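There are 2 protein chains.
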Amino acid sequence: MSQNIEEIVKKCHQSSRVISQLDNAEKNQILNTIADLLEENIEEIEEKNKIDMENAEENDLSEAMKDRLLLNQERIEKMAKAVREIAELDDPVGDITDYRQRPSGIKVARMSIPLGVIAMIYESRPNVTSDAAALCLKAGNAVVLRGGSEAFHSNTAIADVITEALEQNDVPGEIVTLIPTTDREAVNELLSMNQYVDLLIPRGGEGLIRFVDENSHIPVLKHYKGVCHEFVDKEADFDKAMRMLIDGKVSRTGVCNALETLLVQEDVAEDFLSLVQENEHLQDVKIHGCERTQEIMSDIDSATEEDYYAEYLAKEIAIKVVDDFDEAVDHITKYGSGHTDVIATEKIDRGNEFLKRVNSAVAMVNASSRFSDGGEFGLGAEIGISTTKLHAYGPMGVEALTTQKFVVLGEGTTRHDIV
Amino acid sequence: MSQNIEEIVKKCHQSSRVISQLDNAEKNQILNTIADLLEENIEEIEEKNKIDMENAEENDLSEAMKDRLLLNQERIEKMAKAVREIAELDDPVGDITDYRQRPSGIKVARMSIPLGVIAMIYESRPNVTSDAAALCLKAGNAVVLRGGSEAFHSNTAIADVITEALEQNDVPGEIVTLIPTTDREAVNELLSMNQYVDLLIPRGGEGLIRFVDENSHIPVLKHYKGVCHEFVDKEADFDKAMRMLIDGKVSRTGVCNALETLLVQEDVAEDFLSLVQENEHLQDVKIHGCERTQEIMSDIDSATEEDYYAEYLAKEIAIKVVDDFDEAVDHITKYGSGHTDVIATEKIDRGNEFLKRVNSAVAMVNASSRFSDGGEFGLGAEIGISTTKLHAYGPMGVEALTTQKFVVLGEGTTRHDIV
Chain X
2 MSQNIEEIVK KCHQSSRVIS QLDNAEKNQI LNTIADLLEE NIEEIEEKNK IDMENAEEND
62 LSEAMKDRLL LNQERIEKMA KAVREIAELD DPVGDITDYR QRPSGIKVAR MSIPLGVIAM
122 IYESRPNVTS DAAALCLKAG NAVVLRGGSE AFHSNTAIAD VITEALEQND VPGEIVTLIP
182 TTDREAVNEL LSMNQYVDLL IPRGGEGLIR FVDENSHIPV LKHYKGVCHE FVDKEADFDK
242 AMRMLIDGKV SRTGVCNALE TLLVQEDVAE DFLSLVQENE HLQDVKIHGC ERTQEIMSDI
302 DSATEEDYYA EYLAKEIAIK VVDDFDEAVD HITKYGSGHT DVIATEKIDR GNEFLKRVNS
362 AVAMVNASSR FSDGGEFGLG AEIGISTTKL HAYGPMGVEA LTTQKFVVLG EGTTRHDIV
Chain D
2 MSQNIEEIVK KCHQSSRVIS QLDNAEKNQI LNTIADLLEE NIEEIEEKNK IDMENAEEND
62 LSEAMKDRLL LNQERIEKMA KAVREIAELD DPVGDITDYR QRPSGIKVAR MSIPLGVIAM
122 IYESRPNVTS DAAALCLKAG NAVVLRGGSE AFHSNTAIAD VITEALEQND VPGEIVTLIP
182 TTDREAVNEL LSMNQYVDLL IPRGGEGLIR FVDENSHIPV LKHYKGVCHE FVDKEADFDK
242 AMRMLIDGKV SRTGVCNALE TLLVQEDVAE DFLSLVQENE HLQDVKIHGC ERTQEIMSDI
302 DSATEEDYYA EYLAKEIAIK VVDDFDEAVD HITKYGSGHT DVIATEKIDR GNEFLKRVNS
362 AVAMVNASSR FSDGGEFGLG AEIGISTTKL HAYGPMGVEA LTTQKFVVLG EGTTRHDIV
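Sequence lines, in order, name chains X and D. Under this note's numbering, the first residue of the first sequence carries the number 2, and numbering increases by one thereafter. Under this note's numbering, the first residue of the second sequence carries the number 2, and numbering increases by one thereafter.
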């Protein structure tokens, strides 16, 4: 087996040179073929998905997991649509920036280029197979895919379609390589292939991400968790603050950009928290409040240290009354996860101070944390949200799958005089 | 000891918030104080350096190593000058780019911010202590320094000056922390402090870099080696190609941007290599040639597979005759180190093709590889040259010590309608 996985990943690596040299039209042609073939093969994909669904039934997977696993005509059509949308993005490769003419006579610029080979390790949702492949291809990268074992047959069916699309366009099918086994040992082998893989992107729970990070020396783009805060400043507009709170906490709870903690400045705590208590949208939200919150709101739990670190992903929130702006920033720095944090304030200076001092991936003034998303930010489809600072920080579009080299033009220019 | 190192690095981490919030004038004030105090303390630093020099004598260090270790008035003044030059660079923090107004009503932009805490692990040259500290400070970062044990007393003297300069400016001295021991175990502990260190930068031999990379899960900026190529295309201008070869190979040999391999297209091999044979600047360069090279040049060694991978760092070069452009690019891709590669050609299309296809950190047309340097590229002082693609690729200035967060402005804007 060992030999096999290494051979497979090595072939993917070799094929990366082909995809890295294609122009935008050629890459889009491949993407559109993938979309067409996904639609043409709906029945076959559904059939393979049935095997996974039957196994899920046998293995007693939760209804939520089964829902994530299920593929039907509508969902496969949506996958095809997503691939076509990725084709329509600007080419992230070949951009020239930072042009400078230097006193020595050379001309220097930066040119964006693909990273090389990206390995995606992900759980359950089979649509990640086509989404991730399409994003990597658009950025000129080859990709190794390792999906969850529960989705193995579905992922294989989708990967087969992608291979066919690549081959129809006369490029090696290995450019998109699905690891053809559910053997866990294969993951460990993949993590050790520094020489063939340039970047690892784990998508799934915190456990998966930590496992990947701790067991590999390949760079990892990490998205740990979203413990997002809204701070209601003493000069907040209550109406705006309340709408942001409702949107952030209850419009969708299972997502990383949902709010998990509300901080309220002492001066307005009584007034604002009374409104929270009464608001119809928030009636079924379970509240963990600090002592001062408990003095204002009735029928709530007391907040523990763990509550402030918690990513509830549910109709549940921690609330803390803070003395001032500094305490709010300190709280966010200590308990936050570097994802997205928001201030509600009508004071422009305080808003700017918040943007400056909160070094989360996304800092917002008077906007809902739920906007923290590649699509909403105009980056196009999103490959993930990085909560660590190296290479990319925050929502990552295809651009995050490229790097920049320097290009230099001279006229036989030398650094020292040659006589 | 274990407790100690963790405490020390933790304090540095805590102090990073202070430096991250200073404006450019405040940071420059600190840098200029460092420069002043370096000059005021020349004698004290020289005295401490004497201890290292005596130890070097006792331990039989090579003359080259002793030369790197030595500090005198001129060298200390040069260190002060370098710090002042770093102060004069543009502030890399707080830059706003990529501003977009989105259909939802939010305004999105990116803002450059410090990385946090950077750990530098380096060998011999004590000037790295002030250079690295100044670059990290300029980018708003705290820094942990771990120099070579042979330079321990010199580094301590310089770090003491920096601490004093920080404290004179009312910020914590811990912002620049020198690990106060030569104990090797301290390095291992430092490498394990993911929670306090955002980036590792090893500076030194390949062994040090691999050690750091293999023993830490903190992101590492890696500079492995410079196996730089010059390819003389069949439509090269021989005069330019020759000047670039001389500058690249003999102007300075012990540097990573020196040439290590010459590739010559078959069509012009006989003519160009005859000129190489005769050139007075190249008489004492040891040549390892391929079979075809050996047919043209006399008195040369034959090139082995290892020669093509070699970073000689000496008056030594591998020469290979290639059939065509494709073979040259393939050779560079296979044997190169992703540092800097150069084509000599008068055909603009072929030059552009080279820039496009060679994905080394630096690709050049008709310019000497010796230009591959942060200062020459206009980046200001250089913290290193990355030969891996994540985060930074190629010469790195202060900008590489920052990242970008997203900042968002709304007017109580929500992603979903709240009624």
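For glycine and all other residues, C-beta sits at the position ideal for the given N, C-alpha and C. Keep in mind the model is a prediction, meaning the values are calculated, not measured.
Take residue i and list the residues in its own chain whose beta-carbon comes closer than 7 Å to its own, dropping the five residues that flank it on each side.
i      : result
D:V94  : S113, I114, P115, A140, G141, T403
D:Q295 : I301, S303
X:L72  : I46, E47, N50, P127, S155
X:D37  : none
X:T183 : S150, F153
X:A364 : D342, F355, L356
For residue i versus residue j, is the C-beta distance shorter than 8 Å?
i      : j      : result
X:K49  : X:S150 : no
D:V109 : D:V409 : yes
D:T415 : X:R244 : yes
D:V172 : D:I31  : yes
D:I180 : D:L146 : yes
D:E383 : D:M397 : yes
X:Q266 : X:V323 : yes
X:K226 : X:S387 : no
D:L90  : D:V399 : yes
D:A362 : X:F273 : no
X:L246 : X:L264 : no
X:I6   : X:L209 : no
Tell me which residues share the same chain as residue i and place their Cβ nearer than 8 Å to its Cβ, disregarding the 5 neighbours each side in the sequence.
i      : result
X:M66  : A57, S125, E151
X:K316 : K250, V251, T254, D285, V286, K287
D:I241 : For the sequence presented, residue 241 of chain D should be read as Lys rather than Ile. A345, N367.
Residues in its own chain within less than 6 Å of residue i by CB, not counting five upstream and five downstream?
i      : result
X:I200 : According to the sequence shown, residue 200 of chain X is Leu rather than Ile. Answer for X:L200: L116, I119, P220, listed in chain order.
D:D268 : K235
D:D238 : E347
X:I43  : Q74, I77
X:M2   : The predicted position of X:M2 is uncertain, since its pLDDT is 46 and thus under 50; no value can be drawn from it.
D:V129 : Y123
Mind checking who residue i pairs with in its DSSP beta bridge?
i      : result
D:T414 : X:A368
D:C257 : The partner list for D:C257 (beta bridge, DSSP) is empty, contrary to what the question assumes.
X:Y123 : X:R204
D:K321 : D:L264
X:I114 : X:T404
D:E231 : D:L263, D:V343
D:V109 : D:R101, D:V409
X:K287 : X:E317
X:P396 : X:I386
X:L179 : X:L146
D:D302 : D:H289
For a contact defined as C-beta to C-beta under 8 Å, what are the partners of residue i on chain D?
i      : result
X:D214 : H218
X:V244 : This sequence places Arg at residue 244 of chain X; Val is not what is there. The answer, in chain order, is G413, T415, I419.
X:R1   : This structure leaves residue 1 of chain X out entirely; chain X is present only between 2 and 420.
X:D238 : G413
Give the residues of chain D in contact with residue i, contact being defined as C-beta atoms less than 7 Å apart.
i      : result
X:G395 : K406, F407
Quick one: which chain X residues come within Cβ less than 7 Å of residue i?
i      : result
D:H392 : L391, H392
D:V233 : Those within 7 Å of D:V233 in chain X number zero; the least Cβ separation is about 12 Å.
Using a cut-off of 8 Å between C-beta atoms, extract the partners of residue i located in chain X.
i      : result
D:I381 : According to the sequence displayed, residue 381 of chain D carries Gly and not Ile. Result: empty, since nearest Cβ-Cβ is about 12 Å, beyond 8 Å.
D:K241 : E412, G413
For a test of your reading of the model: does the CB of residue i fall under 7 Å from any non-hydrogen atom of the ligand ADP? Yes or no.
i      : result
D:H154 : Questions concerning the ligand ADP fall outside what the structure shown contains, since it holds no ligand whatsoever.
Give the interface partners of residue i over in chain X, defined as CB-CB distance under 9 Å, in chain order.
i     : result
D:V10 : The contacting residues do not exist; D:V10 stays about 17 Å from chain X at best.
* To do: Determine which residues of the segment 176 to 206 of chain D have a Cβ less than 7 Å from any Cβ of chain X, and write them out in chain order.
  => D199, L200
* Under 8 Å (Cβ pairs) to chain D, residues found in the segment 19 to 33 of chain X -> S21, Q22
* Asked: What residues in the segment 360 to 377 of chain X have a beta carbon less than 8 Å from any beta carbon of chain D?
  -> N360, S361, A362, V363, A364, M365, V366, N367, A368, S369, R371, F372, S373, E377
* Members of the segment 94 to 107 of chain D near chain X, C-beta cut-off 8 Å -> G95, R101, R103, S105, I107
* To do: Name, going along the chain, the residues of the segment 130 to 149 of chain D whose beta-carbon falls closer than 9 Å to a beta-carbon of chain X.
  => none
* Asked: Got a sec: which bits of the segment 111 to 123 of chain X sit with their beta carbon under 9 Å from any beta carbon on chain D, in order along the chain?
  -> R111, M112, I114, P115, L116, G117
* **Near-chain X residues of the segment 409 to 420 of chain D (beta-carbon distance less than 8 Å), N- to C-terminal order** => V409, L410, G411, E412, G413, T414, T415, R416, H417, I419
* **Residues of the segment 247 to 260 of chain X whose Cβ lies closer than 7 Å to any Cβ of chain D, in chain order** => I247, D248, S252
* Asked: Taking Cβ-Cβ distances below 8 Å as the criterion, which residues of the segment 66 to 89 of chain D are in contact with chain X?
  -> Against chain X - using a Cβ distance shorter than 8 Å - the segment 66 to 89 of chain D contributes no residues.
* Asked: Along the segment 316 to 327 of chain X, what residues have a CB closer than 9 Å to any CB found in chain D?
  -> Those residues of the segment 316 to 327 of chain X placed with their C-beta closer than 9 Å to a C-beta in chain D do not exist.
* What residues in the segment 266 to 294 of chain D bring their beta carbon closer than 9 Å to a beta carbon of chain X? -> Within the segment 266 to 294 of chain D, the qualifying residues are H282.
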